[in-house]
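With the sequence shown counted from 1, adding 3 to any position gets you the numbering used here. From the three backbone atoms N, C-alpha and C, an ideal C-beta is built for every residue, glycine too. See structure below.
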Amino acid sequence: MSAVMTIEELRTGLPGKAYQRLIDYDRHHGKAALAQERQALSAIALCQWRPGNEAQVRAQEFLRHAPQSPLANRVRLVCEKSNL
Numbered sequence: 004m005s006a007v008m009t010i011e012e013l014r015t016g017l018p019g020k021a022y023q024r025l026i027d028y029d030r031h032h033g034k035a036a037l038a039q040e041r042q043a044l045s046a047i048a049l050c051q052w053r054p055g056n057e058a059q060v061r062a063q064e065f066l067r068h069a070p071q072s073p074l075a076n077r078v079r080l081v082c083e084k085s086n087l
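Next comes the structure, spelled out in structure tokens:
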């Protein structure tokens with residue numbers, strides 16, 4: 004998986020593709036390096052792609068486990084907007 008590709012997919016309006024890439028990577032590699040960053044990106048992608056309860060649960064789970072992450076504010080911002 005290329006983190007650059009995933010971020011580019013988010014930037015270009017393809018959050019579903021980014022989300023699937025992250026889920027597939029986790030399925031095959033589990034708790035590999037940068038797991039926290041992948042969790043944040045998957046929450047952001049899901050909030051953009053399919054806002055709703057599942058996205059909010061994933062965002063809250065990330066924020067509960069990594070409240071001091073540099074990505075926490077981004078997750079909050081994107082997922083709060085999707086919850087309107």
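Query, Result
"C-alpha gap between Arg79 and Ala62, whole angstroms", "7 angstroms"
"Beta-carbon contacts of Ala48 that lie in its chain and below 7 angstroms, excluding the five residues immediately before and after", "Leu13, Pro18, Ala21, Tyr22 and Leu25"
"Glu40 versus Leu74: straight-line alpha-carbon distance, rounded", "7 angstroms"
"DSSP state of Pro73 mapped onto helix, strand, coil", "coil"
"Exposure label - Val7; buried when at least 16 CB within 10 Å", "exposed"
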